[in-house]
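Below is one structure, written out as structure tokens; comments come after it.
Residue numbers (our numbering): 677 to 940.
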């Protein structure tokens, strides 16, 4: 298994999304509940000082540190549609991840993974040229790319030799087609709903769309990572109950593997 891929169900969260003196999300309080952090690289959020601080938090808590590149849109938090040339997109992603990796190297921390942020993710899903440009930049770093299940993206990752890490979201909605609904169009999820979604996804490989209809995630028993948005109003409560849900699921489904890893 490639380094950075989930060996059991785990949690990732977007981190370091403040700017200057403006703070976004309770990063320090959230770190103990997660396995992997997606660190903003300065385009949709974050700045050099915040990036370095977040890397050090990851190091302190034993959390894997990944890059969270986004569109160059601080004002819109990287969640607004933009039209970008594929060559520019390649350069933008390469620049952002490369900047974070330089800081990680300085701190003696490995780059664990890459996860496109917000509208960059949705842009990739609707434009295969953009998807290829982003993944070509990611391929430089030889680490897994996180994304929701998508046959086209998974196939393109395989073509480029990029490990693909599947994700499930529990704090935003899914469309009737099983696609992610953007944050602005999703209903706010309660901690209780986050627990139900996380445990259900882990135990049954299924979720419910925005209309309440059941659909399959298609992981076929493979462990996945659950994403939490650190800017959600109840993110700490969400993280606590999702941690509980996946710990229960891991004990149920991966008990022998966990014992081997822990040397028991």
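A virtual CB, placed ideally from N, CA and C, is assigned to each residue, including glycine.
Discussion item. I believe residue 944 touches residue 732 by the beta-carbon criterion, under 8 Å. Please report the beta-carbon distance rounded to the nearest angstrom.
Written reply: Because the chain spans 677 through 940 in this model, residue 944 falls outside it and cannot be assessed.
Item to complete: Measure the beta-carbon distance from residue 891 to residue 844 and round it to whole angstroms, keeping in mind my assumption that it falls under 8 Å.
Response: Incorrect: roughly 12 Å between the Cβ atoms, too far for contact.
Worksheet item: Taking contact to mean at least 3 C-beta pairs separated by less than 8 Å, is the region 678-688 in contact with the region 806-822?
Response: yes
Worksheet item: Helix, strand or coil for residue 693 per DSSP?
Response: coil
Worksheet item: So residue 907 packs on residue 701, CB below 8 Å; how close in whole Å?
Response: 5 Å
Discussion item. How far does the alpha helix (DSSP H) with residue 926 in it extend, from its first residue to its last?
Written reply: 911-929
Worksheet item: When burial is assigned at 16 or more other CB atoms within 10 Å of the CB, is residue 693 buried or exposed?
Response: buried
Worksheet item: Hey, how far is the Cα of residue 696 from the Cα of residue 685?
Response: 34 Å
Practice prompt. Please check the pair residue 793 and residue 690, which I expect to be a contact at CB under 8 Å, by giving their CB distance rounded to whole angstroms.
Written response: 7 Å
Practice prompt. Determine the burial state of residue 896: buried for a count of at least 16 other Cβ atoms within 10 Å of its Cβ, exposed for fewer.
Written response: exposed
Item to complete: Alpha carbon to alpha carbon, how far is residue 861 from residue 683? Give it in angstroms, no decimals.
Response: 32 Å
Worksheet item: Leaving out five residues before and five after residue 881 in sequence, what residues of the same chain have Cβ atoms less than 8 Å from its Cβ?
Response: 892, 893, 894, 895, 896 and 897
Worksheet item: Nearest to residue 917 by CA position, among 728, 873, 751 and 744, is which residue?
Response: 873
Worksheet item: Nearest CA to the CA of residue 913: which residue from 836, 705 and 746?
Response: 705
Discussion item. Out of 698, 849, 741 and 911, which one is the CA nearest neighbour of residue 750?
Written reply: 698
Worksheet entry | Same chain, Cβ closer than 6 Å to residue 758, five either side skipped, listed in chain order | 747
Discussion item. Here's the rule: buried if 16 or more other CB atoms are within 10 angstroms of the residue's CB, otherwise exposed. What is residue 833?
Written reply: buried
Worksheet item: I think residue 867 touches residue 910, with their Cβ atoms under 8 Å apart; what is that distance to the nearest whole Å?
Response: 6 Å
Item to complete: Could you tell me whether the Cβ atoms of residue 716 and residue 765 are closer together than 8 Å?
Response: no
Worksheet item: Taking the runs of the alpha helix (DSSP H) that are 4 residues or longer, which of them lie wholly in the region 748-799?
Response: 762-783
Worksheet item: Taking DSSP as the reference, what is the three-state secondary structure of residue 717?
Response: coil
Item to complete: Taking only the alpha-carbon atoms, compute the straight-line gap between residue 719 and residue 887 and give it to the nearest angstrom.
Response: 34 Å
Worksheet entry | Beta-carbon gap between residue 791 and residue 889 smaller than 8 Å | no
Worksheet item: Below 8 Å between beta carbons: does that hold for residue 787 and residue 780?
Response: yes
Worksheet item: Out of curiosity, what's the CA-to-CA distance linking residue 778 and residue 722?
Response: 15 Å
Practice prompt. Determine, using beta carbons only, whether residue 915 and residue 687 come nearer to each other than 8 Å.
Written response: yes
Worksheet item: Any idea what DSSP makes of residue 687, helix, strand or coil?
Response: strand
Fill in: Nearest-angstrom Cα separation, counted from residue 741 out to residue 785
8 Å
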